[in-house]
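Chains as they are written, first to last, in my numbering: chain X, 419 to 709; chain Z, 878 to 1108; chain A, 50 to 362.
Notes follow once the structure below has been shown.
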Amino acid sequence: MRTLINIELYKIFKRPRTYIAFAAITALIVMIQFGLKVDGKTYVDFMLNDLGSTLQIEGNILNGYLVCYVMLQLLLVHVPLLIALIAADMISGEANMGTLRVLLSKPYSRTQFMLAKFIASTIYTLLLLVWLAFLALFVSMWVFGTDDMFLMKSSYVVLLKENDVFWRYIGAFGFAALAMTTVAALGFFLSVFAENSIGPIVATMSVIIFFTILSTMNIPIFNLVKPYLFTTHMIGWKEFFDIQVTDANEAIVGSIQYPERIINSSIVLLIHIILFVAAAIVVFKKKDVLS
Amino acid sequence: MRTFIILLFTFHFSTFTSSAQDMTPLVMKVKAKLDQVNDYEADGKMKTDVAFIKAPVGKVKIYFKKPNKFRLRKDGGISLLPKGGVSVNMSSIVTTDEFVALAAGEAVVAGTKTKVVKMLPVNENSDVVLTTMYIDEANLLVRKAVTTTKENGTYEIEMTYGKFSNFGLPDKVTFSFNTKNYKLPKGLTLEFDDNEKPLTEEQKLKNKKGRVEIVYTNYIINKGIADTIFK
Amino acid sequence: MLFMEMQEIIQVKGLTKSFKNLTAVNDLSFSVREGDVYGFLGQNGAGKSTTIRMLLTLIEPTAGSIDLFGLSLNSYRTEILRQVGAVIEKPDVYKYLSAIDNLQLFARLSGLKPTHLQLMQQLEMVGLASRAKDIVKTFSQGMKQRLGIAVALIHNPKLIILDEPTNGLDPQGIADIRNLIRHLSKDLNKTILVSSHLLNEIEQIATRVLIIDKGKKLVEGSAAELFDPAQTLIELETLDNESAFNKLVQSNWKQALQPRRASTILIKLHRDHIPNLHRDLVALDIPVLSLQPRHSLEDFFLQVTSGQYANTH
């Protein structure tokens, strides 16, 4: 099994396509960092436009912690597309190349193959997130420094103390890993059905985009289905950056407003992962390889 | 923020010379008491209580020097302070000294009987429309001040005194102000499912009164402060 | 009865595969013995690939049983596949990897850790040693095919399955593959199942032959029987076929004459008698345009592949 996983990872990291995702993330992050570094004040002023008329906000608002949050907010919506690029290609790409039939006539069971492939795509996903964390969090902390985190949510503002932020990022990235693995599982599942890579990649992206739009649009009829869409739960990482307050409206350092939401969403995502992968294996075991 | 504190403290040092009615002597007495302090440095804990802001208590350092130098410094971190005070052009009131101080009866503030003094600026261009002070006549302390401005609404300052009441310096200052409704589109913040928020939270958000509370823990008075701190 | 003592490497009984609206393989039974070069013939779409894929567990049979090395493929899949190397249809390797990387990867998949030298030797065998470090994307069809074979052989399997190994190759490539199969069979004692839609390819290397059409077995037998020289067929074309035929009917060749076909005269004879026929044609003053010897099996196969067989049966 280990050999299989190693071989799958070897294949993933030997192909140029894999590095598109890393390059894309690097380019995006460096670009955003550059923009914020050069003209961050304008951005902050714009953000504080409304609030600034009542409140005077002092301090290094645009510090590494906020920059990372802004980037995660922007990027985590798009990273699924980069993950689909690899995960949705895992089976279909091999079918397309013709290597699938060679692999499957090797002395391993199909279940072993599928698990190895899924684990390999998960490792790729995690590495992508580690890279994202390195650039978005650590490089930003280095470039922009650290300070309290001043976070504007849709109906309120959260101020997190500097020493109360880092652990939240660990949680957030952990959660993001779960969310992105769900995407990988979806792509992986869809890749079982096709003999070319484009179909499942586009299908995965479409499902994500479609669901995300449903999740984002604030229309009552959509709100009914929202809890059942995994994309709704994928943004659960943000819950790490909401803090509880006392009755006197004083934030409790080290608390999370809705820890149960994080747990619920994690469970929902985990169930999705298990279902997608199990379904992929069941379908694939019965499949006649005609490619 | 800075100016709001300036506003607060300039009350203490204003000289109400012109057109004072029968309340002027009281105001003068209060001023005289406050005049003992040339400068001070204080530690404090600041709490921001605005319905739509979730902020922890932060440590601050406060510096003051006569006549009106004031600085509030947070021990690192980001501070959220009401902005209104900035444009309450208090310095104009102070410099022109054109006030009318009128008696407006008595009131009880936090269990203390006070004289209510209405102070009207003479200058028509002043942003301040009216300031109402609640003066504890026995101790010569301002317990509460309410200022109405043209531009920034009404502000309320409440002071509690303790160890340093002899200097007219409060242990605790609560500054209340009106806040606008805060709302960012959910599409912008990518929040999907905030609808199931508990009702109490919603009610809290409807409360548009904001408060900033500073609790002073330690004053160092008249030991001299370098001007560079205020820069 | 030497054959009976040999182990049966492949034994297929009543194998059937039905797709939605097509029965690709229909009640097929055959067996391959140790040391055979088993020629698996049939036109495109006859069910060869489906059969081979079932042998490799890529397709699940609708009915029937497959035993390899005397073991049920269903129950001993992993053990059996360790002993099998296969090239199925087009070459199937990772195009973004180099030849040697591909070889290493598949070796690891088979549980081996070959040395660089072993890998190079393997590439040498298929004539790719000089291109070991090049990515496969840059390879010609023939080179990919040879690499595919190297991959299939890297774990030293007892049974080698080659599905249409000469497809898309130039004559030199075809000859190379043929020589390689001979080498594997004679020098390395491999059992080989090789499919093709071309009889003459199989004829030159196979020890046994199976011909299928529409998923059904038509002929199975040893090459010695099927390619019996006594069954040679001469295809004769003359200036005037009508009179030539009449002359031949009255000659010694009467018994050998086959029913007439459109533009040719067919004579069945032992290969050794062709010179005699030649002489007699001259003696009978028949103006010969062409004289083409063919094996009768080839003739039969041509009918099958051209669809004539299906029309008449």
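Each residue gets a CB set at the ideal place from its N, CA and C atoms; glycine is no exception.
Does the Cβ of residue i have 16 or more other Cβ atoms within 10 Å, making it buried, or fewer, making it exposed?
i, result
"X/W655", "buried"
"Z/T1008", "buried"
"Z/A1015", "exposed"
"A/W302", "buried"
"A/G88", "buried"
"A/T281", "buried"
"Z/T973", "Since pLDDT at Z/T973 reaches only 39, below the 50 mark, its modelled position is unreliable, and the value read off the structure follows with that caveat. With fewer than 16 other Cβ atoms within 10 Å, it is exposed."
"A/G63", "exposed"
"A/N93", "exposed"
"Z/E1001", "exposed"
"X/M419", "exposed"
"A/R126", "buried"
Going by DSSP, what residue range makes up the alpha helix (DSSP H) through residue i?
i, result
"A/V258", "It is not in any alpha helix (DSSP H) - A/V258 instead sits in the beta strand (DSSP E) that spans 257-262."
"X/Y487", "482-493"
"X/V625", "616-634"
"A/D141", "Taken as a continuous stretch (DSSP letters only), A/D141 belongs to no alpha helix (DSSP H), as it is neither H nor E."
"A/T99", "97-104"
"A/E291", "290-298"
"X/V497", "497-505"
"A/G222", "220-235"
"A/I149", "148-158"
"Z/A932", "Looking at the DSSP string, Z/A932 is not in any alpha helix (DSSP H), and its letter there is neither H nor E."
"X/D660", "Element bounds for X/D660: n/a, residue is neither H nor E."
"A/V175", "Note, A/V175: premise wrong, no alpha helix (DSSP H); not H, not E."
Residue i lies in the beta strand (DSSP E); which residues open and close that run?
i, result
"Z/Y1093", "1086-1098"
"A/Q11", "Shown here, chain A extends from 50 to 362; a query on residue 11 of chain A therefore has no answer."
"Z/E983", "976-986"
"A/E284", "281-287"
"X/D468", "Segment: none, X/D468 is in no beta strand (DSSP E) and carries neither H nor E."
"A/N205", "Taken as a continuous stretch (DSSP letters only), A/N205 belongs to no beta strand (DSSP E), as it is neither H nor E."
"Z/R1020", "1018-1026"
"Z/Y917", "916-926"
"Z/P998", "989-998"
Could you tell me which of the options sits nearest to residue i, measuring between CA atoms?
i, options, result
"Z/G935", "X/I670, X/L499, X/L647", "X/I670"
"X/F658", "X/R679, X/F640, X/L647", "X/R679"
"Z/V994", "Z/Y940, Z/N1002, Z/E1001, Z/L1017", "Z/L1017"
"X/L647", "X/Y676, X/P677, X/I685", "X/I685"
"Z/V904", "Z/N1095, Z/I1102, Z/L979, Z/K942", "Z/L979"
"A/G176", "A/N228, A/L161, A/G160, A/A272", "A/N228"
"A/L333", "A/I314, A/H322, A/A279, A/S292", "A/S292"
"X/F607", "X/Y542, X/A696, X/A439, X/V663", "X/A696"
"Z/L1061", "Z/F929, Z/I1034, Z/D1013, Z/D1048", "Z/F929"
"X/M559", "X/T421, X/M465, X/Y587", "X/Y587"
"A/L104", "A/G91, A/A95, A/F118", "A/F118"
"A/L275", "A/L259, A/D321, A/L211", "A/L259"
"Z/D1004", "Z/Y1011, Z/D1013, Z/G1030", "Z/G1030"
"X/T650", "X/F628, X/L546, X/I450, X/K524", "X/F628"
"X/E526", "X/K704, X/N641, X/K705, X/L422", "The sequence shown places Tyr at residue 526 of chain X, not Glu. Considering only alpha carbons, the answer is X/L422."
"X/I626", "X/I639, X/I653, X/L545, X/I430", "X/I653"
"X/E668", "Z/P933, Z/K908, Z/A981", "Z/P933"
If we call anything under 8 Å between Cβ atoms a contact, is residue i one with residue j?
i, j, result
"X/S683", "X/E613", "no"
"X/I504", "X/T436", "yes"
"Z/V1089", "Z/L949", "no"
"Z/R1020", "Z/T989", "yes"
"Z/Y1059", "X/Y461", "no"
"X/F568", "X/I475", "yes"
"X/I689", "X/M598", "no"
"A/L218", "A/V243", "no"
"Z/Y1011", "Z/V977", "no"
Tell me, please, whether the CB atom of residue i is closer than 8 Å to any CB atom in chain D?
i, result
"Z/T1056", "The chain labelled as chain D is not found among the protein chains of the depicted structure, namely X, Z and A."
Looking at the ligand MG, does it come within less than 7 Å of residue i, judged from the CB to the closest heavy atom?
i, result
"X/F658", "For the ligand MG, the structure offers nothing, since it holds no ligand at all."
Contact between the region 191-211 of chain A and the region 149-157 of chain A: three or more CB pairs below 8 Å?
-> Contact between the region 191-211 of chain A and the region 149-157 of chain A is present, because at least three Cβ pairs lie under 8 Å.
Count the CB pairs spanning the region 130-148 of chain A and the region 185-197 of chain A that are closer than 8 Å, and state whether there are at least three.
-> In short, these stretches touch, since the Cβ pair count reaches three.
Does the region 295-309 of chain A touch the region 244-259 of chain A, meaning 3 or more C-beta pairs lie closer than 8 Å?
-> Contact between the region 244-259 of chain A and the region 295-309 of chain A is absent, because fewer than three Cβ pairs lie under 8 Å.
With a cut-off of 8 Å, do at least 3 Cβ pairs link the region 235-242 of chain A to the region 113-132 of chain A?
-> Between the region 235-242 of chain A and the region 113-132 of chain A, the count of C-beta pairs closer than 8 Å stays below three; the two stretches do not touch.
Does the region 529-543 of chain X come close enough to the region 458-468 of chain X to have 3 or more Cβ pairs within less than 8 Å?
-> Fewer than three beta-carbon pairs drawn from the region 529-543 of chain X and the region 458-468 of chain X are found closer than 8 Å, and the two stretches are therefore not classed as touching.
Report yes or no: do the region 549-556 of chain X and the region 487-499 of chain X share at least 3 C-beta pairs separated by less than 8 Å?
-> Yes: the two stretches touch, three or more of their Cβ pairs being nearer than 8 Å.
Are the region 451-461 of chain X and the region 164-184 of chain A touching, with three or more C-beta to C-beta distances below 8 Å?
-> Short answer: they don't touch.
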